[in-house]
Amino acid sequence: MKQYAKDYTVGELMCVTLAKEIEDGDVVVLGSFTPLAYASYILAKITHAPNSCLLAYAAVDFRPFQLSFIRAESSATRGSALMWTMLEDLNSVHLKGRGDVEAISSIQADQYGNINLSVVGEYDRPKLRGPGGAGAPEVIKMHRKMIGYFPGHSKMTFVPKVDVITGTRYLIGAQERIKSGYRPGPIRYITNLCVMTKEERDKPFRIDFLHPGVKAEDVVSNTGFPLEVPSSIPETEKPTEEQVRLLREEVDPYGTLNFDFKPGKERLGYLKEMLNKELQAIGYA
Amino acid sequence: MKQYAKDYTVGELMCVTLAKEIEDGDVVVLGSFTPLAYASYILAKITHAPNSCLLAYAAVDFRPFQLSFIRAESSATRGSALMWTMLEDLNSVHLKGRGDVEAISSIQADQYGNINLSVVGEYDRPKLRGPGGAGAPEVIKMHRKMIGYFPGHSKMTFVPKVDVITGTRYLIGAQERIKSGYRPGPIRYITNLCVMTKEERDKPFRIDFLHPGVKAEDVVSNTGFPLEVPSSIPETEKPTEEQVRLLREEVDPYGTLNFDFKPGKERLGYLKEMLNKELQAIGYA
Amino acid sequence: MPIENKVGKLSDITKIIKDGDKVAIGGSWLGGHPMAIIREIIRSKIKDLTAITVVGSIDIDLLIGAGCLKRLMFSFVSMEAFGLAPNFRRAIEKEGLPYDEITGLAVIIGLEAGGRNVPFLPYRGPFGSDLVKYRPEFYKNIKCPFTGEELIAAAAIVPDVAIIHAVRADKTGNIQMEGTTGTDIEMMRAAKKRIVSVEEVVPSEEIWKHPEKTKVPKFQVDMVIEAPLGAHPTSCAPHYVFDAWHIMKYMEYAASAETFKKYVQDYVMKPEWEYLEAIGGMRQASILRRLAREVKFL
Amino acid sequence: MPIENKVGKLSDITKIIKDGDKVAIGGSWLGGHPMAIIREIIRSKIKDLTAITVVGSIDIDLLIGAGCLKRLMFSFVSMEAFGLAPNFRRAIEKEGLPYDEITGLAVIIGLEAGGRNVPFLPYRGPFGSDLVKYRPEFYKNIKCPFTGEELIAAAAIVPDVAIIHAVRADKTGNIQMEGTTGTDIEMMRAAKKRIVSVEEVVPSEEIWKHPEKTKVPKFQVDMVIEAPLGAHPTSCAPHYVFDAWHIMKYMEYAASAETFKKYVQDYVMKPEWEYLEAIGGMRQASILRRLAREVKFL
Numbered sequence: 001m002k003q004y005a006k007d008y009t010v011g012e013l014m015c016v017t018l019a020k021e022i023e024d025g026d027v028v029v030l031g032s033f034t035p036l037a038y039a040s041y042i043l044a045k046i047t048h049a050p051n052s053c054l055l056a057y058a059a060v061d062f063r064p065f066q067l068s069f070i071r072a073e074s075s076a077t078r079g080s081a082l083m084w085t086m087l088e089d090l091n092s093v094h095l096k097g098r099g100d101v102e103a104i105s106s107i108q109a110d111q112y113g114n115i116n117l118s119v120v121g122e123y124d125r126p127k128l129r130g131p132g133g134a135g136a137p138e139v140i141k142m143h144r145k146m147i148g149y150f151p152g153h154s155k156m157t158f159v160p161k162v163d164v165i166t167g168t169r170y171l172i173g174a175q176e177r178i179k180s181g182y183r184p185g186p187i188r189y190i191t192n193l194c195v196m197t198k199e200e201r202d203k204p205f206r207i208d209f210l211h212p213g214v215k216a217e218d219v220v221s222n223t224g225f226p227l228e229v230p231s232s233i234p235e236t237e238k239p240t241e242e243q244v245r246l247l248r249e250e251v252d253p254y255g256t257l258n259f260d261f262k263p264g265k266e267r268l269g270y271l272k273e274m275l276n277k278e279l280q281a282i283g284y285a
Numbered sequence: 001m002k003q004y005a006k007d008y009t010v011g012e013l014m015c016v017t018l019a020k021e022i023e024d025g026d027v028v029v030l031g032s033f034t035p036l037a038y039a040s041y042i043l044a045k046i047t048h049a050p051n052s053c054l055l056a057y058a059a060v061d062f063r064p065f066q067l068s069f070i071r072a073e074s075s076a077t078r079g080s081a082l083m084w085t086m087l088e089d090l091n092s093v094h095l096k097g098r099g100d101v102e103a104i105s106s107i108q109a110d111q112y113g114n115i116n117l118s119v120v121g122e123y124d125r126p127k128l129r130g131p132g133g134a135g136a137p138e139v140i141k142m143h144r145k146m147i148g149y150f151p152g153h154s155k156m157t158f159v160p161k162v163d164v165i166t167g168t169r170y171l172i173g174a175q176e177r178i179k180s181g182y183r184p185g186p187i188r189y190i191t192n193l194c195v196m197t198k199e200e201r202d203k204p205f206r207i208d209f210l211h212p213g214v215k216a217e218d219v220v221s222n223t224g225f226p227l228e229v230p231s232s233i234p235e236t237e238k239p240t241e242e243q244v245r246l247l248r249e250e251v252d253p254y255g256t257l258n259f260d261f262k263p264g265k266e267r268l269g270y271l272k273e274m275l276n277k278e279l280q281a282i283g284y285a
Numbered sequence: 001m002p003i004e005n006k007v008g009k010l011s012d013i014t015k016i017i018k019d020g021d022k023v024a025i026g027g028s029w030l031g032g033h034p035m036a037i038i039r040e041i042i043r044s045k046i047k048d049l050t051a052i053t054v055v056g057s058i059d060i061d062l063l064i065g066a067g068c069l070k071r072l073m074f075s076f077v078s079m080e081a082f083g084l085a086p087n088f089r090r091a092i093e094k095e096g097l098p099y100d101e102i103t104g105l106a107v108i109i110g111l112e113a114g115g116r117n118v119p120f121l122p123y124r125g126p127f128g129s130d131l132v133k134y135r136p137e138f139y140k141n142i143k144c145p146f147t148g149e150e151l152i153a154a155a156a157i158v159p160d161v162a163i164i165h166a167v168r169a170d171k172t173g174n175i176q177m178e179g180t181t182g183t184d185i186e187m188m189r190a191a192k193k194r195i196v197s198v199e200e201v202v203p204s205e206e207i208w209k210h211p212e213k214t215k216v217p218k219f220q221v222d223m224v225i226e227a228p229l230g231a232h233p234t235s236c237a238p239h240y241v242f243d244a245w246h247i248m249k250y251m252e253y254a255a256s257a258e259t260f261k262k263y264v265q266d267y268v269m270k271p272e273w274e275y276l277e278a279i280g281g282m283r284q285a286s287i288l289r290r291l292a293r294e295v296k297f298l
Numbered sequence: 001m002p003i004e005n006k007v008g009k010l011s012d013i014t015k016i017i018k019d020g021d022k023v024a025i026g027g028s029w030l031g032g033h034p035m036a037i038i039r040e041i042i043r044s045k046i047k048d049l050t051a052i053t054v055v056g057s058i059d060i061d062l063l064i065g066a067g068c069l070k071r072l073m074f075s076f077v078s079m080e081a082f083g084l085a086p087n088f089r090r091a092i093e094k095e096g097l098p099y100d101e102i103t104g105l106a107v108i109i110g111l112e113a114g115g116r117n118v119p120f121l122p123y124r125g126p127f128g129s130d131l132v133k134y135r136p137e138f139y140k141n142i143k144c145p146f147t148g149e150e151l152i153a154a155a156a157i158v159p160d161v162a163i164i165h166a167v168r169a170d171k172t173g174n175i176q177m178e179g180t181t182g183t184d185i186e187m188m189r190a191a192k193k194r195i196v197s198v199e200e201v202v203p204s205e206e207i208w209k210h211p212e213k214t215k216v217p218k219f220q221v222d223m224v225i226e227a228p229l230g231a232h233p234t235s236c237a238p239h240y241v242f243d244a245w246h247i248m249k250y251m252e253y254a255a256s257a258e259t260f261k262k263y264v265q266d267y268v269m270k271p272e273w274e275y276l277e278a279i280g281g282m283r284q285a286s287i288l289r290r291l292a293r294e295v296k297f298l
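Protein chains in written order, with my numbering: chain L, 1 to 285; chain V, 1 to 285; chain P, 1 to 298; chain E, 1 to 298.
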């Protein structure tokens, strides 16, 4: 019988929830270094999805590795089964719609499946110039599922309409996806409050699961667009003791996945602490 | 001072003549296994063109090797600086027009820069079904120079108009080539009788050099289309003693380059003899 | 969950290759064709295939001679220095085998398009070639929407199955190649299903030692078959050379349709291990491997 | 004829990179940027460049902060976990640096088109993205001449110069890479001129031992520069990791335009060997290399 953990962070909860999105055999893509997503995929790979194929940097089908803040790239490289360029990646995965999951995040996201990583404000007079979308604007259409994760569920992020559509799912319902040559799959957002899903162009996001202690009103009042609120919403499954142990002892001993959840002023200190532990691990601190 | 060889085969003469087409630094492409072309390029590489970049099979910038009938592919592979797929080859060399020379041959060739490797006769009722052109129909336009070699200069080969245009130089004059984004270069055919060149769409092939003992009339009467015959045509430079020595002792000790010049009924015997020498060389005969 | 095991036997190919399929055949010239799979197609009496090759040789000639093809797409088929391909010539000149002769770059770019999920790709193609005129279903003119330049669009090619031969694989299907790759990788990307014969199946640890040799990722592979000398009589560079002696014998048999039937009986319609004995067994394998190693640089 | 020698010094880059050039910058995220060349661009006071990056970070931020750019083409610029790129933000939010924000696949496919000599390539592109609307010079609709499907054409991108960092090269310019390659190879194909900094220049014999590690052939390289730790503070996987400690320092300096000037004085406007001492010399190099080696598989 599953033993659920009593002590876990919201990062760990989101991490195991995201891990459930990986099915065994999936082709899973990593873009930027996003510790929570890395931890999720590696956890999935060493538990229920050993046949998943993980891609990051140039590394294809890399062996699951112990995460650190600074060594993800060399770990993936040194453990890879194949190395390729971004163009080969496009030619084998993205353009073909062969990817299953690539969890993305975004400055703004709206009710239509649009994301904004470009600017807050007017495009030519930005209040905030964001990083840009890299491949996300295109791959969120191409991959089987569009999975987003949002450490800070708020009306700042979930807006009625994004200021700039950096990219969009474009093909949402199963029928329109199949007709255009892509595999059907949902838009699913995993946040610090809930899991919510959109499956049809004309239907709103639906709250699927509420994290322990969160009420539907909390989600509704922190979301800038209308949601479908089922009369009964199950609680998100908590991390098991084994999952928490695996994360803390095996997958992510430096605690990189919690980094995104630290308040602004604590982040630098947390980062320095993690880095110091890495130095200690190689005997240089 | 150069010592010209007194004893050389017509294959050796064509081989050293083709070798002169390679300039130092050229990107030189090999398609099918064509011994005479291989011997030429390797001879050029070990003499006047050490900075040429030879490509064959998947091998890029391979080291010059001793030619044999059966080991060209493993020699090129084992001596390569880089290995790529045909698509990478297209993306780096062909489509870009980055190739300088790829000597081709053809069943028929005409006065317009067309080649026929498809069928003799009507396309749908062939008298002879040829091998097809592989990449030749396209690369003869893309490479800087279009170089052909023809061991049997005759009206069977040099026809007024090919039965089927498998491919064509298409862009001939320097101006039209540059305008279309390709480097200018001639069409030059090296045959068992002469060297002849076409440089403009509206001008005929011109006899540049006559092989020792060949008269202009011999060329004209064996060519099925009009030629420009200059009043004075220099003799093709003979192979030097050193070139013949290099070919026979270093580059091509099995005599593969002469294979194409053997009459039909002698070919099988010659081939078996070469193969037997290869077996002897590894102690298996 | 167990680690998936894609390793099958030669006889399992009928689970993937069906009568009437479009089959892309890897290898190029006299090198790297998946000959053990080709022989198994003949043994299994799979019929009405459309074969797709860029630069084919004995692979295509054998399939044609054995009556497995209803159509052929190719840019080049030849036995090279050994002569034109006899069954290929006979079938086209005498028996009217339907075929699509496409320029080499159009086949490669067509496979690339198939692999990347676009119906065409443009290039400065073979303007002026009659092949463009004869096969408009593979070539169309297209104008660049930025510059107005006229280009040629090559149509996407999507094989039902790709078959290739490689050096090694692990059981999950990561494929390593060390020599000529031809268009094998592009075929694997474009095809709906893929079978790879390999010289050896190895533990994944061996793959991880040299990731730079891995050319096809596991998710582009449906079945792996261990078939040592599986490219014979073509080469598997740089591990063994093509078998010139066997090819000369093949050319004798293939000189007429009648004697070719005997080739099929004598060499193909028997288990693969017996084929390997018939072509000379361990001694011949040693010769072909030794020749591939004994190269001399100048 | 002597074997050509393309090895130059850092100061030789001005023979190739000119004021006003479009420069494609290799590397991706916090990895593999040609930082020694970037610093030399600043030292050489080369100006009015248009930088082209797919996923840039400190390479772009540094060039912007030092005033070398007149325009930027990018799909992503960020210091990742360290925050948004400070000079990039300031230049766009406050100073109106002109830029073309292009989706990542359009940059990659645009470079691919540039490399293969076509003015565009089609794909099932970012329909619905505002970036398509804002930059019509990079995106046009195009209809497949075979199927009628509407696709997006990505415009070719042809840089004047590509600069990348790699592990090793021989003097003729064959380039080996062993880790993340990003779009380096596509940039090298597309550009008119190319400069590669490498950890080490080696005899060609070393290249021939592992041809499968060679990623760029010599004829796509114009200059090779030996620059150990030349990607610092970004990584050169799997040989050294990015220098998180230096990047934290950079972020402090870059917090304002004023303090950033001091970064340029303290770290950039000195010979490259002194830069390497300033960032911690041999000890820091050992740390970064050791971290890259010490990985643990689960």
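Glycine included, each C-beta is placed from N, C-alpha and C at the ideal position.
Name the chain V residues whose beta carbon is nearer than 7 Å to that of residue i?
i	result
W302/P	Since the first residue shown for chain P is 1 and the last is 298, residue 302/P is missing from the structure and cannot be characterised.
E101/P	S118 and G132
R39/E	What R39/E touches in chain V: nothing, since even the nearest Cβ is about 29 Å away.
Closer than 9 Å by beta-carbon distance: list the chain E residues that pair up with residue i, in chain order.
i	result
A81/V	D170, T172, N174, S204, I207, W208, P211, T214, P217 and K218
Could you check how far apart the C-beta atoms of residue i and residue j are, in whole angstroms? I think they sit under 8 Å.
i	j	result
G31/E	T180/E	5 Å
M83/V	E212/E	6 Å
Please list, in chain order, the chain P residues whose beta carbon lies closer than 7 Å to that of residue i.
i	result
C144/E	P119 and F120
Out of the options, which one is the CA nearest neighbour of residue i?
i	options	result
E138/L	Y182/L, L54/L and V16/L	Y182/L
L229/E	Q220/E, Y250/E, A285/E and G104/E	A285/E
E235/V	F261/V, P226/V and I207/V	I207/V
I207/P	G8/P, N5/P, S197/P and K171/P	K171/P
L128/L	S92/L, K145/L, S118/L and S154/L	S118/L
G132/L	V295/E, E101/E and P136/E	E101/E
At a CB-CB cut-off below 8 Å, which residues of chain P make contact with residue i?
i	result
R71/V	V241, L291, A292, E294 and V295
Against residue i, what residues of chain L qualify as contacts under a CB-to-CB distance less than 9 Å, listed in chain order?
i	result
G115/P	N91, S92, L95 and K96
Quickly, what does DSSP pair residue i with across the bridge? List them, please.
i	result
Y139/P	A154/P
A174/L	None; A174/L has no bridge partner.
I38/P	BP columns for I38/P are empty, so no partner.
Q108/L	N116/L
Listing by chain order, which chain E residues have their CB less than 7 Å from the CB of residue i?
i	result
H143/V	Chain E residues near H143/V: none, gap ~13 Å exceeds 7 Å.
T147/P	P119
F33/L	W29, E80 and A81
Mind listing the chain V neighbours of residue i? Cutoff is C-beta to C-beta under 8 Å, in chain order.
i	result
R135/E	Here the premise fails: no neighbours, minimum Cβ distance about 24 Å.
Contact list for the region 177-192 of chain L against chain E, Cβ threshold 9 Å: For the region 177-192 of chain L, the residues whose beta carbon sits under 9 Å from a beta carbon of chain E are, in order, S180, G181 and Y182.
Return the residues of the region 62-78 of chain E that lie within a Cβ-Cβ distance of less than 7 Å from chain L, sorted by chain order. Residues passing the 7 Å Cβ filter: F74, S75, F76, V77 and S78.
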